[in-house]
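Trainee: In the working numbering, the protein residues as written are 168 to 465.
As structure tokens, then:
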């Protein structure tokens, strides 16, 4: 599939990455083929547990029902089981492994799993003839009081001198980490509580993430920007819609085959908000980005 980016746009993107000015914002699509998508997981749970409403694809609402029926602990254990069944990466590297080879400083993800951290720990930063192992530091949003009162310092509190870098990148799990079940944002109520908490207490979001969300440029990969929950989250974190993002923000979208009207609408809609669309899968985009980075910077 031909790229939607010009050579000049690729060059600008690579320069921003080199300066540490571009931040990937990862959604569930970046783990496609290894983990179930939220809609697929919702449909499975809805079928298994007789969810009574029509929006069986809506994971927060299905999770709300299951929390009422089964309890919060059961819900979180079921999610942990789903994440534990992650498939092996495909030959030649999956999207996350390709991403880990590009020296971004900060990563924002809506995923609960640790696949990105695993990929980063297996990657290296190449400089001249040296290769340095990457050592990511991870954190999640303290969106409710129990998390805020726990004696669990953030990476920035534990090390006041820490600054995200290519060698020691920062991974921020907006919706919680599976290793800390209380941090997980699963139900519809959880999402509302997160929106309110981050709007009232901007300091819950670390400074590097705040700067990325309020200025960019961002690199949306596997994150559908039309998703209603995500749009609400973007508003609570960024204070407005996407219009405040810097030029250079890019979103990777799978092309809707046979629907030229949808393509024209999405390009016009996001173009007005200074978001460039790349039509392709996360793996296709990251494969090309990695090849261009290694060719020009190694």
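Quick reminder that beta carbons are idealized off the backbone N, C-alpha and C, glycines included.
Quantities reported herein were computed from a predicted structural model and do not represent experimental measurements.
1) Is the beta carbon of residue 338 closer than 8 Å to that of residue 283?
2) Based on Cα-Cα distance, which residue from 201, 182, 446, 322 lies nearest to residue 371?
3) Measuring straight from C-alpha to C-alpha, what distance separates residue 175 and residue 438?
4) Taking only the alpha-carbon atoms, compute the straight-line gap between residue 362 and residue 333 and give it to the nearest angstrom.
5) To which residues of the same chain is residue 243 closer than 8 Å at the C-beta, ignoring the five residues directly before and after it?
6) What is the C-beta distance between residue 249 and residue 193, in whole angstroms, given that I count them as a contact (C-beta under 8 Å)?
7) Can you tell me whether residue 423 is buried or exposed? The criterion is at least 16 other CB atoms within 10 Å of its CB, across all chains shown.
8) Please report the residue range of the beta strand (DSSP E) in which residue 293 lies.
9) Starting from residue 298 and walking both ways along the beta strand (DSSP E), at which residues does that stretch end?
10) Can you give me the C-alpha to C-alpha distance between residue 263 and residue 198, rounded to a whole angstrom?
11) Distance check for residue 442 and residue 436, CA to CA, integer angstroms please.
12) I'd like the list of long-range same chain contacts for residue 394, defined as Cβ closer than 6 Å, with 5 residues on each side in sequence excluded.
13) State buried or exposed for residue 325, treating a residue as buried only when at least 16 other CB atoms are found within 10 Å of its CB.
14) For residue 435, which three-state DSSP category applies?
15) Taking the continuous beta strand (DSSP E) assigned at residue 279, which residues delimit it?
16) Determine the burial state of residue 241: buried for a count of at least 16 other Cβ atoms within 10 Å of its Cβ, exposed for fewer.
17) Can you tell which of 450, 463, 462, 464 has its C-alpha closest to the C-alpha of residue 266?
18) Does the count of Cβ pairs from the region 267 to 279 and the region 290 to 309 closer than 8 Å reach three?
19) Pick from 374, 454, 191: whose alpha carbon is nearest that of residue 330?
20) Going straight from the alpha carbon of residue 458 to that of residue 261, what length do you get?
21) Tell me the rounded alpha-carbon separation between residue 182 and residue 389.
22) Is it right to say residue 225 is buried, meaning 16 or more other beta carbons lie within 10 angstroms of its own, or is it exposed?
23) Please state whether DSSP places residue 169 in a helix, a strand or coil.
24) Hey, residue 246 and residue 345: beta-carbon distance below 8 Å or not?
25) Under three-state DSSP, which class holds residue 269?
26) I'd like to check one pair, residue 305 with residue 253: are the Cβ atoms closer than 8 Å?
27) Name the one or two DSSP bridge partners that residue 420 has.
28) How would you call residue 418, buried or exposed, if buried means at least 16 neighbouring beta carbons within 10 angstroms?
29) Around the C-beta of residue 464, are 16 or more other C-beta atoms found within 10 angstroms, so that it is buried, or is it exposed?
Mentor: The structure says:
1) On the chain shown, residue 283 is found 116 positions in, with the first residue counted as 1. On the chain shown, residue 338 is found 171 positions in, with the first residue counted as 1. Yes; because the gap between Cβ atoms is below 8 Å, this pair is in contact.
2) Counted from its first residue, the chain shown places residue 371 at position 204. Taking residue 371 as reference, the option from 201, 182, 446, 322 with the minimal CA-CA separation is 322.
3) For the purposes of this step, residue 175 is taken as residue 8 along the chain shown, with counting starting at 1. For the purposes of this step, residue 438 is taken as residue 271 along the chain shown, with counting starting at 1. So the two alpha carbons sit approximately 18 Å from each other.
4) Taking the chain shown and counting its residues from 1, one reaches residue 362 at position 195. Taking the chain shown and counting its residues from 1, one reaches residue 333 at position 166. In a straight line, the C-alpha of residue 362 is about 30 Å away from that of residue 333.
5) Here residue 243 corresponds to residue number 76 of the chain shown, with the count starting at 1. For residue 243, the CB contacts under 8 Å within the same chain, skipping 5 residues up- and downstream, are 348, 351, 353 in chain order.
6) Counting from one through the chain shown, the residue named residue 249 turns up at place 82. Counting from one through the chain shown, the residue named residue 193 turns up at place 26. Taking the Cβ atoms as the reference, residue 249 lies roughly 18 Å from residue 193, outside the contact range of under 8 Å.
7) Along the chain shown, read from residue 1 onward, the residue named residue 423 stands at position 256. Exposed, since its Cβ has fewer than 16 Cβ neighbours within 10 Å.
8) Residue numbering aside, residue 293 sits at position 126 when the chain shown is read from its first letter. Counting along the chain, the beta strand (DSSP E) containing residue 293 begins and ends at 291 to 294.
9) If you number the chain shown from 1, residue 298 lands on position 131. For residue 298, the enclosing beta strand (DSSP E) starts and ends at 297 to 300.
10) By one-based count along the chain shown, residue 263 stands at place 96. By one-based count along the chain shown, residue 198 stands at place 31. When rounded, the distance between both Cα atoms is 7 Å.
11) Taking the first residue of the chain shown as position 1, residue 436 is located at position 269. Taking the first residue of the chain shown as position 1, residue 442 is located at position 275. Rounded to whole angstroms, residue 436 to residue 442 spans 9 Å at the Cα level.
12) Taking the first residue of the chain shown as 1, we reach residue 394 at position 227. None.
13) Here residue 325 refers to the residue found at position 158 of the chain shown. Within 10 angstroms of the beta-carbon of residue 325 lie fewer than 16 other beta-carbons, which makes it exposed.
14) Indexing the chain shown from 1 puts residue 435 at position 268. Helix.
15) Position 112 of the chain shown, counted from the start, is the residue given in the question as residue 279. Going by DSSP, residue 279 is part of no beta strand (DSSP E) at all; its letter is neither H nor E.
16) For this step, residue 241 is matched to residue 74 along the chain shown. By the neighbour-count rule (16 or more Cβ atoms within 10 Å), residue 241 is not buried but exposed.
17) Residue 266 sits at position 99 when you count from the first residue of the chain shown. The shortest CA-to-CA distance from residue 266 to any of 450, 463, 462, 464 is the one to 450.
18) The answer is yes - the region 290 to 309 touches the region 267 to 279, with three or more Cβ pairs under 8 Å.
19) One-based indexing of the chain shown puts residue 330 at position 163. Scanning 374, 454, 191 for the CA closest to the CA of residue 330 turns up 374.
20) As a working mapping, residue 458 is identified with position 291 in the chain shown. As a working mapping, residue 261 is identified with position 94 in the chain shown. When rounded, the separation of the alpha-carbon atoms in residue 458 and residue 261 is 14 Å.
21) Residue numbering aside, residue 182 sits at position 15 when the chain shown is read from its first letter. Residue numbering aside, residue 389 sits at position 222 when the chain shown is read from its first letter. In this model, residue 182 and residue 389 are separated by some 22 Å (Cα to Cα).
22) For the purposes of this step, residue 225 is identified with residue 58 of the chain shown, where counting begins at 1. Buried, since its Cβ has 16 or more Cβ neighbours within 10 Å.
23) In the chain shown, the residue the question calls residue 169 occupies position 2. Note that residue 169 scores 46 on pLDDT, short of 50, meaning its location in the model is unreliable; the coordinates nonetheless yield the value given after this. DSSP places residue 169 in coil when its eight states are reduced to three.
24) Against the chain shown, residue 246 aligns to sequence position 79. Against the chain shown, residue 345 aligns to sequence position 178. Contact: yes.
25) Within the chain shown, residue 269 is the residue found at index 102, counting from 1. The three-state reading of DSSP puts residue 269 in coil, since its state is none of H, G, I, E or B.
26) Counting from one through the chain shown, the residue named residue 253 turns up at place 86. Counting from one through the chain shown, the residue named residue 305 turns up at place 138. In this structure, residue 253 lies away from residue 305, with their beta-carbon atoms at least 8 Å apart.
27) Looking up residue 420 in the chain shown gives position 253. For residue 420, the beta-bridge partners assigned by DSSP are 446.
28) Working through the chain shown from its first residue, we reach residue 418 at position 251. Buried.
29) Counting from 1 along the chain shown, the entry for residue 464 is found at position 297. Exposed.
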